[in-house]
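In what follows, a single structure is set out as structure tokens and then discussed.
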């Protein structure tokens, strides 16, 4: 076991040394800049993104994870029809709906709002 560890350590060290010796440093600015879908970056400043879009994406991720947690609960509920499982599923759905209505009232889900 120790021999295998030493051999693997030796091989990995040789690979790292070969990489460092053969590494070619390219100082081309086009290769070091971020890919902008084929467009040249017009300025060095970062363009601001919509905060509403960011909040909408975060809400989508949260509700997506909650829905993915809902599927195993439903499959377990069909197998075990206990009262505790039904109540826990109902409470989970109520929390999900209350969160959805809260975000709707806050206006985070409205993509286009009327001013």
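Numbering (this note's numbering), first residue to last: 879 to 993. No residue lacks a Cβ here, since even glycine has one placed at the ideal position from N, Cα and C.
- DSSP places residue 897 in the uninterrupted alpha helix (DSSP H) bounded by 880 to 900.
- By the Cβ criterion, the stretch 891 to 905 is not in contact with the stretch 930 to 940, since fewer than three pairs of Cβ atoms, one from each stretch, lie closer than 8 Å.
- Shown here for residue 951: same chain residues with a beta carbon closer than 8 Å to its own, the five before and five after excluded, namely 963, 966, 967, 970 in chain order.
- If you look at residue 969, you'll find it in the alpha helix (DSSP H) that goes 961 to 984.
- In chain order, 981 place their CB closer than 6 Å to the CB of residue 987, counting only its own chain and leaving out the 5 sequence neighbours on each side.
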